[in-house]
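Before any comments, here is the structure.
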Amino acid sequence: ATVLRLAILLRLATLLHRSRKDETAIVEELIAEEEGLSIRFAKGELDRHPLQLASLKQEATYLKNVDFILKFSS
Numbered sequence: 001a002t003v004l005r006l007a008i009l010l011r012l013a014t015l016l017h018r019s020r021k022d023e024t025a026i027v028e029e030l031i032a033e034e035e036g037l038s039i040r041f042a043k044g045e046l047d048r049h050p051l052q053l054a055s056l057k058q059e060a061t062y063l064k065n066v067d068f069i070l071k072f073s074s
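Numbering-wise, UniProt numbering puts 34 at position 34 of the sequence shown, and it's gapless, one number per residue.
Dropping the structure here:
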């Protein structure tokens, strides 16, 4: 389970990292939960970064297959 969580964190880090600062939504808070992870972005960030939002939605769908819940809000 620990290896899976580390792999998920690496995937999310890759997804959230962009080569230019202005292309990345600002994360205000990460909350590790027993069943998954919650990410809170600065207000309006996900609206300003629709491609990142789409990637997060797709990743959340993938992670459901391994019983990991990814939640995010802005």
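Quick reminder that beta carbons are idealized off the backbone N, C-alpha and C, glycines included.
{"query": "Which residue wins for smallest C-alpha separation from Leu37, given the options Val3, Leu70, Ala1 and Ser74?", "result": "Leu70"}
{"query": "Can you grab the Cα-Cα spacing for the pair Leu51 / Thr14, in whole Å?", "result": "14 Å"}
{"query": "Given Phe72, which residues of its chain have a CB within under 6 Å of its CB, disregarding the five upstream and five downstream residues?", "result": "Ile39 and Leu56"}
{"query": "Do Glu59 and Arg11 have their C-beta atoms closer together than 8 Å?", "result": "yes"}
{"query": "Looking at Ile31 and Glu45, is the spacing between their C-beta atoms short of 8 Å?", "result": "no"}
{"query": "What are the partner residues of Arg40, as DSSP defines its beta bridges?", "result": "Glu29 and Ser73"}
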